[in-house]
Amino acid sequence: MAFIHAAKRELHCKIVYYGPGLGGKTTNLVWLHGRLPAAGRSDLVSLQTPGERTLYFDFLPLDVGVVHGLRTRFHLYTVPGQPIFKTTRRLVLQGADGLVFVADSDRSRLFDNRQSLDDLRENLARGGRRLEGLPLVFQFNKRDLAGCAARGQLEQLLNAAGRPVIEAVATRGAGVPETLRAVVSGVLARLAEPRSAQRRPA
């Protein structure tokens with residue numbers, strides 16, 4: 004849930020990149036961090052424990068204006084995609100304001116994509132939330148693979164609700180900024196609705 008940093012007049016929002024292991028979540032964040040203006044972003048932090056890694060950084064975009072009179076700062080997180088790290092994913096999801104689901108276009112990973120999406124729904128439900136209640140953007144990554152799954156096949160498998168979809172080759176940055184803009188737009192639209200943000204003291 005978004006919170007207000009009163010002293011800085013900032014509204015802080017959390018976006019989580021979710022998806023199967025090795026699908027491109029980390030590649031997205033590393034690419035974005037390397038190209039966002041250094042003056043407006045934090046360092047890229049890696050929270051690493053044996054066998055897993057969670058990346059995090061926050062940034063203050065220059066072109067989204069203000070919401071309720073506040074500048075908006077976004078905190079971007081990845082989660083470890085391997086099935087055994089379910090508890091970590093659940094913890095990172097807490098308080099998320101928007102989601103990016105990074106799907107692997109490799110045909111051999113269709114089941115992994117679906118399993119990860121089901122895992123996302125389950126983890127949200129354990130926190131009393133529903134996927135339908137959050138801004139969500141699908142990124143179909145690795146579109147440069149020979150014989151990759153057709154977009155329509157991925158849509159049918161993952162996106163029955165017709166959420167925004169960005170096709171990407173994250174290793175080249177293709178589709179990466181577009182994905183971020185899409186989820187930021189969704190979060191800002193949701194924040195513009197009559198609702199409250201938590202106020203956190205400076």
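This note's numbering puts the sequence shown at residues 4 to 205.
The beta carbon of each residue, even a glycine, is placed where N, CA and C say it ideally should be.
Residues of the same chain with a CB within less than 6 Å of the CB of TYR80, apart from the 5 flanking positions on each side, are VAL19, TYR59 and VAL95 in chain order. If you ignore the 5 residues before and after VAL82, its C-beta comes within less than 8 Å of the C-beta of VAL19, TYR20, TYR21, LYS28, THR57, PHE88, THR91, ARG92, VAL95 and LEU96, all in its own chain and listed in chain order. Among the bridge pairs identified by DSSP, ARG76 is matched with HIS15.
Minimum Cα-Cα distance from ARG44 among the listed residues THR30, GLY24, VAL140 and HIS15 corresponds to HIS15. Cβ-Cβ separation between ALA106 and GLN159: approximately 12 Å, too far for a contact (criterion under 8 Å). Closest by C-alpha distance to GLU13, out of LEU32, ARG74, ALA185 and GLY37, is ARG74.
Contact between ALA164 and ALA171 fails: their C-beta atoms lie close to 20 Å from each other, not under 8 Å. Where VAL187 is concerned, the enclosing alpha helix (DSSP H) starts and stops at 179-195.
PHE104 is bridged by DSSP to TYR21 and PHE141.
Between LEU139 and LEU191 the beta-carbon gap is near 14 Å, outside 8 Å, which marks them as no contact. Within the same chain, PHE143 and GLU170 come within 7 Å of ARG154 by CB-CB distance, once the 5 residues on both sides are set aside. Contact between ALA195 and VAL70 holds: CB atoms are separated by about 7 Å, below the 8 Å threshold. When DSSP states are grouped into helix, strand and coil, LEU113 belongs to the helix group. If you look at GLU170, you'll find it in the beta strand (DSSP E) that goes 168-170.
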